[in-house]
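Undergrad: As you go down the protein sequences, you meet chains A and B in turn. Here the first sequence is numbered in the numbering used here, starting from 1 and rising by one per residue. Here the second sequence is numbered in the numbering used here, starting from 1 and rising by one per residue. Note that beta-carbon positions come from the ideal geometry of N, C-alpha and C, so glycine has one too. The following block contains the structure, expressed as structure tokens.
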Amino acid sequence: MSEAVATHAVHEELGFLRTYVFSTDHKMIARQFLFLGLFMMILGGLMALMIRWQLAWPETQVPGTRWIPEPFMTDGYMNPAFYNTLFTMHATIMIFFVIMPILVGCYGNFLIPLMIGARDMAFPVLNMLSFWVGAVAGVVMLAGFFVPGGHAASGWTSYAPLSAVTQYTGVDWGQNLWCISLIILGLSSLMGSINYITTIINMRAPGMTFFRLPLVIWSLFIVAILLLLALPVLTSALAMLLLDRMAGTSFFLPAGGGEPLLWQHLFWFFGHPEVYILILPAMGIASDILSVFSRKPIFGYRAMAFSMIGIAFLSWVVWGHHMFQSGMSPALGFSFMVTTMVIAVPSAIKTFNWLGTIWGGSIRFTTPMLNALAFVSMFVVGGLSGIFMASTPVDIFIHDTYFIVAHIHYVVFGGSVFGLFAAVYYWFPKMFGRMMNEPLGKIHFFTTFIAYNCTFFAMHILGIGGMMRRIYNPMQYEFLHPLQPINVFITWSAIALGLAQIPFVINFFWSLFAGRKAERNPWKANTLEWVAPSPPPHGNFDAIPVVYRGPYEYSSPEVTEDYLPQDRQLVPQRVATAH
Amino acid sequence: MMGWLPENVSTYGKDIDRLFYIIYYITGVSFLLVSGTMVVFLILYRQREGRRATYVHGNTTLEIIWTIVPAIILVVLSFMSQASWGNIKGRVPPSEVHVQVTAKQFNWEILYPGPDGKIGTADDLQMDNELHVPVGKVVRVTLKAKDVIHSFFLPNLRLKQDAVPGREIQAWFEATKPGRYELPCAELCGFGHSGMLGHLTVHTADDYNKWVKEQWPSS
Numbered sequence: 001m002s003e004a005v006a007t008h009a010v011h012e013e014l015g016f017l018r019t020y021v022f023s024t025d026h027k028m029i030a031r032q033f034l035f036l037g038l039f040m041m042i043l044g045g046l047m048a049l050m051i052r053w054q055l056a057w058p059e060t061q062v063p064g065t066r067w068i069p070e071p072f073m074t075d076g077y078m079n080p081a082f083y084n085t086l087f088t089m090h091a092t093i094m095i096f097f098v099i100m101p102i103l104v105g106c107y108g109n110f111l112i113p114l115m116i117g118a119r120d121m122a123f124p125v126l127n128m129l130s131f132w133v134g135a136v137a138g139v140v141m142l143a144g145f146f147v148p149g150g151h152a153a154s155g156w157t158s159y160a161p162l163s164a165v166t167q168y169t170g171v172d173w174g175q176n177l178w179c180i181s182l183i184i185l186g187l188s189s190l191m192g193s194i195n196y197i198t199t200i201i202n203m204r205a206p207g208m209t210f211f212r213l214p215l216v217i218w219s220l221f222i223v224a225i226l227l228l229l230a231l232p233v234l235t236s237a238l239a240m241l242l243l244d245r246m247a248g249t250s251f252f253l254p255a256g257g258g259e260p261l262l263w264q265h266l267f268w269f270f271g272h273p274e275v276y277i278l279i280l281p282a283m284g285i286a287s288d289i290l291s292v293f294s295r296k297p298i299f300g301y302r303a304m305a306f307s308m309i310g311i312a313f314l315s316w317v318v319w320g321h322h323m324f325q326s327g328m329s330p331a332l333g334f335s336f337m338v339t340t341m342v343i344a345v346p347s348a349i350k351t352f353n354w355l356g357t358i359w360g361g362s363i364r365f366t367t368p369m370l371n372a373l374a375f376v377s378m379f380v381v382g383g384l385s386g387i388f389m390a391s392t393p394v395d396i397f398i399h400d401t402y403f404i405v406a407h408i409h410y411v412v413f414g415g416s417v418f419g420l421f422a423a424v425y426y427w428f429p430k431m432f433g434r435m436m437n438e439p440l441g442k443i444h445f446f447t448t449f450i451a452y453n454c455t456f457f458a459m460h461i462l463g464i465g466g467m468m469r470r471i472y473n474p475m476q477y478e479f480l481h482p483l484q485p486i487n488v489f490i491t492w493s494a495i496a497l498g499l500a501q502i503p504f505v506i507n508f509f510w511s512l513f514a515g516r517k518a519e520r521n522p523w524k525a526n527t528l529e530w531v532a533p534s535p536p537p538h539g540n541f542d543a544i545p546v547v548y549r550g551p552y553e554y555s556s557p558e559v560t561e562d563y564l565p566q567d568r569q570l571v572p573q574r575v576a577t578a579h
Numbered sequence: 001m002m003g004w005l006p007e008n009v010s011t012y013g014k015d016i017d018r019l020f021y022i023i024y025y026i027t028g029v030s031f032l033l034v035s036g037t038m039v040v041f042l043i044l045y046r047q048r049e050g051r052r053a054t055y056v057h058g059n060t061t062l063e064i065i066w067t068i069v070p071a072i073i074l075v076v077l078s079f080m081s082q083a084s085w086g087n088i089k090g091r092v093p094p095s096e097v098h099v100q101v102t103a104k105q106f107n108w109e110i111l112y113p114g115p116d117g118k119i120g121t122a123d124d125l126q127m128d129n130e131l132h133v134p135v136g137k138v139v140r141v142t143l144k145a146k147d148v149i150h151s152f153f154l155p156n157l158r159l160k161q162d163a164v165p166g167r168e169i170q171a172w173f174e175a176t177k178p179g180r181y182e183l184p185c186a187e188l189c190g191f192g193h194s195g196m197l198g199h200l201t202v203h204t205a206d207d208y209n210k211w212v213k214e215q216w217p218s219s
């Protein structure tokens with residue numbers, strides 16, 4: 001083992017292509033996933049703004065869009081079919097090509113070897129393939145915009161039969177490419193998850209037991225297992241949908257003996273674990289950052305790990321709560337309501353433990369800390385609003401309204417994206433060897449936090465007013481007329497939210513080239529990635545660290561400074577005084 | 001947020017609204033407690049010279065309390081919800097009025113059985129997007145769909161039920177107040193989803209009889 005490590009650490013200079021493009025170094029692959037995700041985030045965000053413009057000022061010219069040709073836009077006026085494409089692709093891109101690549105692809109890759117004390121992933125070539133297969137999926141997905149008939153327009157949930165028959169939407173190859181892209185992406189995730197699981201099980205540094213793993217590694221471990229089990233279900237469903245579209249199989253078409261609800265069962269059997277795939281890494285990230293900047297051990301480490309395992313198990317038995325009004329037997333409603341209510345319990349445990357972590361701390365309000373705190377409070381809102389939907393009778397009214405749109409954005413933006421920002425600010429020095437600018441980071445945080453809440457909290461009110469999701473023009477409904485000022489307010493807030501990302505982009509690229517050089521451990525943190533140089537070279541560590549303790553020994557009475565890295569060997573007291 | 005629910009005009013709507021308010025208060029108080037605690041902690045435990053963070057790893061008693069308390073609240077909520085759910089979706093009470101609604105891109109085809117009360121006979125009458133019912137009577141709706149999934153949504157009656165091709169789904173409501181209410185489609189059904197809109201007219205008993213006479217003059 002030690003011989004293999006030694007030969008691995010000394011390596012020949014690689015060319016440009018092997019270093020930056022087809023790299024097998026987990027840190028370069030992580031950066032590639034990050035850039036892919038951030039690029040896609042801009043696309044997804046612009047789509048969201050076009051959607052918002054149409055909802056606030058229906059059927060007026062959308063500024064800056066006159067270049068978009070027919071049949072999507074007519075001289076800057078949006079066509080209803082293109083509106084459907086926009087919200088379909090906004091969600092598809094944000095979920096599959098922003099949050100998954102960044103939280104799972106980028107931070108999974110970057111953190112797992114560094115935090116467990118390994119020199120790389122277990123399968124570096126598979127890791128490289130995972131990124132490039134994912135990139136191909138991205139190209140196939142974007143290609144859908146350029147085929148006749150336009151891109152998929154049946155929602156990111158693609159309910160059959162709407163998605164299964166070309167004539168129902170007029171979308172032909174767009175929907176096919178949507179399926180094919182997600183099948184390819186599933187392959188990429190599968191390669192990644194096998195790699196993550198193998199690496200975490202087999203390549204932990206000496207002394208790194210499972211209960212000494214940082215919670216972010218626990219979260220990524222659990223996510224990898226969820227991915228491994230959930231994605232094949234989506235892939236099967238997509239293959240069936242594709243066969244329905246191209247080979248006339250009628251899995252989901254009643255005329256040929258199929259069943260539309262089968263699609264929903266398969267999709268949500270994948271889809272609900274998927275929601276936790278998006279949120280669990282952010283939970284892990286927030287746990288680590290809260291502990292570091294409170295200078296205090298995480299409160300209830302084991303409760304935190306076990307509640308994530310509990311969420312992962314329960315996430316397999318709650319999918320029916322998406323289908324209460326679908327025509328599924330009402331008797332099933334009760335079972336799914338109970339499991340859904342129960343899954344809120346581990347989430348509550350986590351929230352209380354986060355509060356316990358900052359209690360009695362010595363809190364530093366750095367940008368990563370602010371984003372982690374925002375994650376906790378926004379996740380609380382998203383969790384609590386979920387209880388409304390879990391109650392089957394209340395769901396009758398708010399199902400398919402803007403209440404659910406508000407809910408998912410509190411979980412996936414308020415939760416995952418604030419977690420994502422926290423991670424970018426926190427690990428930037430390790431990833432790129434330079435610090436990000438703090439004042440710019442704080443401007444970005446506060447403007448984002450305010451604009452975000454103005455945008456998405458108001459959507460609860462729309463939902464309670466009964467506004468349906470996925471409608472093109474709310475002014476077609478008399479009962480929605482009084483709500484229109486809220487739509488206008490949300491759109492202005494969304495525009496502000498978009499503008500609030502400019503300081504982030506400036507900060508990111510400016511710091512990349514001109515930021516202050518980062519030392520090895522700028523945050524005075526305990527976990528192993530801070531033992532390596534910033535940025536870590538190929539092979540990561542000067543010597544593989546030995547782990548003596550858990551990751552959260554902050555303000556320990558054993559040492560005078562307020563942190564105690566996992567790899568520091570303390571000379572036992574009695575030996576020291578024996579002289 | 002309380003005034004934002006549309007006016008309720010169905011018998012079971014008040015049960016839904018009551019549950020909504022119960023959850024609203026429970027979650028509202030939980031949110032204030034959690035975020036209030038957080039803000040207090042952030043102020044009290046901000047970094048100050050000479051103070052070291054408390055070195056503590058957790059507390060089993062607290063873990064047990066904050067596992068059991070939410071669990072009890074949530075399970076109680078489930079059982080409270082179940083009674084209304086069973087009443088609204090679990091069974092259709094004996095009904096005096098029956099209509100069949102067939103959803104298609106992008107209309108509601110509403111089929112009235114006529115005086116014989118049977119669908120599929122000569123006196124059936126079909127109207128697009130216009131649903132007429134009497135006040136204070138249980139109305140049974142047989143939902144069908146011709147092409148894709150649609151969702152039959154009566155915001156003022158707190159009723160939503162998907163219409164699925166290949167299935168017949170029974171729903172019901174009893175209106176408590178005459179008037180004209182909107183009947184939008186709540187499930188994405190294609191480029192014309194937005195604007196797929198019918199109307200429900202709830203008549204007083206006299207008006208309803210008059211309307212029936214107009215539609216079926218021979219009876």
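(1) So with CB distances below 9 Å, who are the chain B contacts of Gly170 (chain A)?
(2) Hey, is the region 145-161 of chain A in contact with the region 222-232 of chain A, meaning 3+ C-beta pairs nearer than 8 Å?
(3) Would you call Ala4 (chain A) buried or exposed, if buried means 16 or more other Cβ atoms sit within 10 Å of its Cβ?
(4) For Lys296 (chain A), return the contacting residues in chain B, with the cut-off set at a CB-CB distance below 8 Å.
(5) Helix, strand or coil for Pro178 (chain B) per DSSP?
(6) Taking the alpha helix (DSSP H) that Lys27 (chain A) belongs to, which residues open and close that run?
(7) Enumerate, from N- to C-terminal direction, the unbroken alpha helix (DSSP H) stretches of 4 or more residues contained entirely within the region 419-467 of chain A.
(8) Could you tell me the boundaries of the alpha helix (DSSP H) in which Ser307 (chain A) lies?
(9) Along the chain, where does the alpha helix (DSSP H) that runs through Val381 (chain A) open and close?
(10) Could you round the C-beta distance between Tyr402 (chain A) and Met467 (chain A) to whole angstroms and report it? I think they count as a contact, below 8 Å.
(11) According to DSSP, is Leu499 (chain A) helix, strand or coil?
(12) In this structure, how does DSSP classify Ala578 (chain A) when only helix, strand and coil are distinguished?
(13) Measure the alpha-carbon distance for Cys111 (chain A) versus Ile217 (chain A) and round it to whole angstroms.
(14) Can you tell me which of A:Gly433, A:Pro482, A:Ile277 and A:Glu274 puts its alpha carbon nearest to the alpha carbon of Leu512 (chain A)?
(15) Alpha carbons only, please: which of A:Lys517, A:Met73 and A:His321 is nearest the one belonging to Thr65 (chain A)?
(16) Using the three-state DSSP reduction, which class does Asn107 (chain B) fall into: helix, strand or coil?
(17) Looking at C-alpha atoms only, which residue of A:Ile99, A:Ile51, A:Phe96 and A:Val98 is the closest neighbour of Tyr77 (chain A)?
(18) Would you mind giving the Cβ-Cβ distance between Pro551 (chain A) and Gln566 (chain A), rounded to the nearest angstrom? I have them listed as a contact below 8 Å.
(19) Look at the alpha carbon of Asp17 (chain B) and the alpha carbon of Phe336 (chain A), and state the distance between them as a whole number of angstroms.
(20) Just to confirm the assignment, what range does the alpha helix (DSSP H) spanning Gly192 (chain A) have?
(21) If I measure Cβ to Cβ from Val136 (chain A) and keep anything under 7 Å in the same chain, skipping five residues before and after, which residues do I get?
(22) Give me the Cβ distance between Ser188 (chain A) and Ser130 (chain A), rounded to the nearest whole Å; I'm assuming they're in contact under 8 Å.
(23) Chain A beta carbons: is any one of them nearer than 7 Å to that of Arg46 (chain B)?
(24) Please report how far the alpha carbon of Ile390 (chain A) lies from the alpha carbon of Gly195 (chain B), in whole angstroms.
(25) Output needed for Gly333 (chain A): all residues of its chain with C-beta closer than 6 Å, excluding positions within five of it in sequence on either side, in chain order.
(26) What distance in whole Å lies between the Cβ atoms of Leu114 (chain A) and Asn540 (chain A), which are believed to be in contact at a cut-off of 8 Å?
(27) Label Lys144 (chain B) either buried or exposed according to how many other C-beta atoms from any shown protein chain fall within 10 Å of its C-beta, with 16 as the threshold for buried.
(28) Within the 7 Å Cβ cut-off, does Met628 (chain A) reach chain B?
(29) Compare the C-alpha of Asp542 (chain A) against each of A:Arg520, A:Phe446, A:Tyr563 and A:Leu190 and name the closest.
(30) Please go through the same chain and pick out, in chain order, the residues whose beta-carbon is closer than 6 Å to the beta-carbon of Thr92 (chain A), but skip the five residues on each side of it.
(31) If you measure between the beta carbons of Gly463 (chain A) and Ile387 (chain A), is that distance less than 7 Å?
(32) Return yes when the Cβ of Ala160 (chain A) is within less than 7 Å of the Cβ of Trp263 (chain A), no when it is not.
(33) Comparing alpha-carbon positions, which option in A:Val171, A:Ala255 and A:Met283 lies nearest Pro214 (chain A)?
(34) Suppose you measure from the CA of Met1 (chain B) to the CA of His460 (chain A); what does that come to, to the nearest Å?
(35) Hey, does Thr392 (chain A) have any beta-carbon neighbour from chain B nearer than 7 Å?
(36) In the DSSP output, which residue or residues are listed as bridge partners for Met73 (chain A)?
TA: Reading from the atomic positions:
(1) In the first sequence, the residue the question calls residue 170 (chain A) occupies position 170. The answer, in chain order, is Gly190 and Phe191.
(2) Cβ pair count under 8 Å is below three, so no.
(3) Residue numbering aside, residue 4 (chain A) sits at position 4 when the first sequence is read from its first letter. Because Ala4 (chain A) sits at a pLDDT of 44, beneath the cut-off of 50, its placement in the model cannot be relied upon, and the following sentence gives the value as read from the coordinates. Of the other Cβ atoms in all chains shown, fewer than 16 fall within 10 Å of the Cβ of Ala4 (chain A); this residue is therefore exposed.
(4) In the first sequence, the residue the question calls residue 296 (chain A) occupies position 296. The contacting residues are Ala53, Thr54, Tyr55 and Val56.
(5) In the second sequence, counting from the first residue as 1, residue 178 (chain B) sits at position 178. In this structure, Pro178 (chain B) counts as coil in the three-state DSSP scheme.
(6) Against the first sequence, residue 27 (chain A) aligns to sequence position 27. Its alpha helix (DSSP H) spans residues His26 to Ala56.
(7) 438-464, all fully within the region 419-467 of chain A.
(8) Reading the first sequence from its first residue, position 307 is the one you call residue 307 (chain A). Per DSSP, Ser307 (chain A) belongs to the alpha helix (DSSP H) from Tyr301 to Leu314.
(9) One-based indexing of the first sequence puts residue 381 (chain A) at position 381. Residues Thr367 to Ala390.
(10) Working through the first sequence from its first residue, we reach residue 402 (chain A) at position 402. Working through the first sequence from its first residue, we reach residue 467 (chain A) at position 467. Right, their Cβ atoms sit about 5 Å apart.
(11) Walking along the first sequence from the start, residue 499 (chain A) turns up at place 499. Leu499 (chain A): helix per DSSP, three-state reduction.
(12) For this step, residue 578 (chain A) is matched to residue 578 along the first sequence. Note that Ala578 (chain A) scores a pLDDT of 45, beneath 50, so its modelled location is shaky and nothing firm can be said.
(13) Translated into positions along the first sequence, residue 111 (chain A) becomes position 111. Translated into positions along the first sequence, residue 217 (chain A) becomes position 217. Correcting the residue identity first, residue 111 (chain A) is Leu in this sequence and not Cys. In this structure, the CA atom of Leu111 (chain A) is about 8 Å from the CA atom of Ile217 (chain A).
(14) Taking the first residue of the first sequence as position 1, residue 512 (chain A) is located at position 512. For the residues A:Gly433, A:Pro482, A:Ile277 and A:Glu274, the minimum Cα distance to Leu512 (chain A) belongs to A:Gly433.
(15) Walking along the first sequence from the start, residue 65 (chain A) turns up at place 65. The option with the nearest alpha carbon to Thr65 (chain A) is A:Met73.
(16) Within the second sequence, numbered from 1, the residue matching residue 107 (chain B) stands at position 107. Looking at Asn107 (chain B) - three-state DSSP - the assignment turns out to be strand.
(17) Locating residue 77 (chain A) in the first sequence gives position 77, counting from the first residue. The residue with the shortest Cα to Cα distance from Tyr77 (chain A) is A:Ile51.
(18) For the purposes of this step, residue 551 (chain A) is identified with residue 551 of the first sequence, where counting begins at 1. For the purposes of this step, residue 566 (chain A) is identified with residue 566 of the first sequence, where counting begins at 1. Under the criterion of beta carbons closer than 8 Å, Pro551 (chain A) and Gln566 (chain A) qualify as touching, at roughly 6 Å.
(19) Looking up residue 17 (chain B) in the second sequence gives position 17. Looking up residue 336 (chain A) in the first sequence gives position 336. Between the C-alpha atoms of Asp17 (chain B) and Phe336 (chain A) there is a straight-line separation of about 21 Å.
(20) Reading the first sequence from its first residue, position 192 is the one you call residue 192 (chain A). First-last of the alpha helix (DSSP H) with Gly192 (chain A): Trp173 to Asn202.
(21) As a working note, residue 136 (chain A) is residue 136 in the first sequence. The residues are Ile184.
(22) Translated into positions along the first sequence, residue 188 (chain A) becomes position 188. Translated into positions along the first sequence, residue 130 (chain A) becomes position 130. Contact check for Ser188 (chain A) and Ser130 (chain A): beta-carbon distance about 5 Å, within the 8 Å limit, so the pair qualifies.
(23) Numbered from its first residue, the second sequence carries residue 46 (chain B) at position 46. Closer than 7 Å to some Cβ of chain A, the Cβ of Arg46 (chain B) qualifies, so yes.
(24) The count along the first sequence starts at 1 and reaches residue 390 (chain A) at position 390. The count along the second sequence starts at 1 and reaches residue 195 (chain B) at position 195. Just to set this straight, residue 390 (chain A) is Ala in the shown sequence, not Ile. Each residue's CA atom was taken as its position, placing Ala390 (chain A) and Gly195 (chain B) some 29 Å apart.
(25) By 1-based counting over the first sequence, the position of residue 333 (chain A) is 333. Cβ neighbours of Gly333 (chain A) beyond the five flanking positions: Phe324 and Thr392.
(26) To locate residue 540 (chain A), count along the first sequence from 1; it is residue 540. To locate residue 114 (chain A), count along the first sequence from 1; it is residue 114. With 8 Å as the limit, Asn540 (chain A) and Leu114 (chain A) qualify as a contact, their Cβ atoms being about 6 Å apart.
(27) Here residue 144 (chain B) refers to the residue found at position 144 of the second sequence. Lys144 (chain B) counts as buried, since at least 16 other C-beta atoms from the protein chains shown sit within 10 angstroms of its C-beta.
(28) Examination of residue 628 (chain A) is not possible in this model, given that chain A is present from 1 through 579 alone.
(29) Position 542 of the first sequence, counted from the start, is the residue given in the question as residue 542 (chain A). Considering only alpha carbons, the answer is A:Arg520.
(30) As a working mapping, residue 92 (chain A) is identified with position 92 in the first sequence. Same-chain partners within the cutoff: Trp156.
(31) The count along the first sequence starts at 1 and reaches residue 463 (chain A) at position 463. The count along the first sequence starts at 1 and reaches residue 387 (chain A) at position 387. Taking 7 Å as the Cβ cut-off, Gly463 (chain A) and Ile387 (chain A) do not qualify as a contacting pair.
(32) Along the first sequence, read from residue 1 onward, the residue named residue 263 (chain A) stands at position 263. Along the first sequence, read from residue 1 onward, the residue named residue 160 (chain A) stands at position 160. Taking 7 Å as the cut-off, the Cβ atoms of Trp263 (chain A) and Ala160 (chain A) count as close.
(33) In the first sequence, residue 214 (chain A) corresponds to position 214, counting from 1. Looking at the Cα atoms, A:Met283 is the closest of the given residues.
(34) Locating residue 1 (chain B) in the second sequence gives position 1, where the first residue counts as 1. Locating residue 460 (chain A) in the first sequence gives position 460, where the first residue counts as 1. With a pLDDT of only 46 at Met1 (chain B), under 50, the local geometry of the prediction cannot be trusted, and no value is derived from it.
(35) To locate residue 392 (chain A), count along the first sequence from 1; it is residue 392. Yes, its Cβ sits closer than 7 Å to a Cβ of chain B.
(36) Here residue 73 (chain A) refers to the residue found at position 73 when the first sequence is read from its first residue. BP columns for Met73 (chain A) point to A:Met78.
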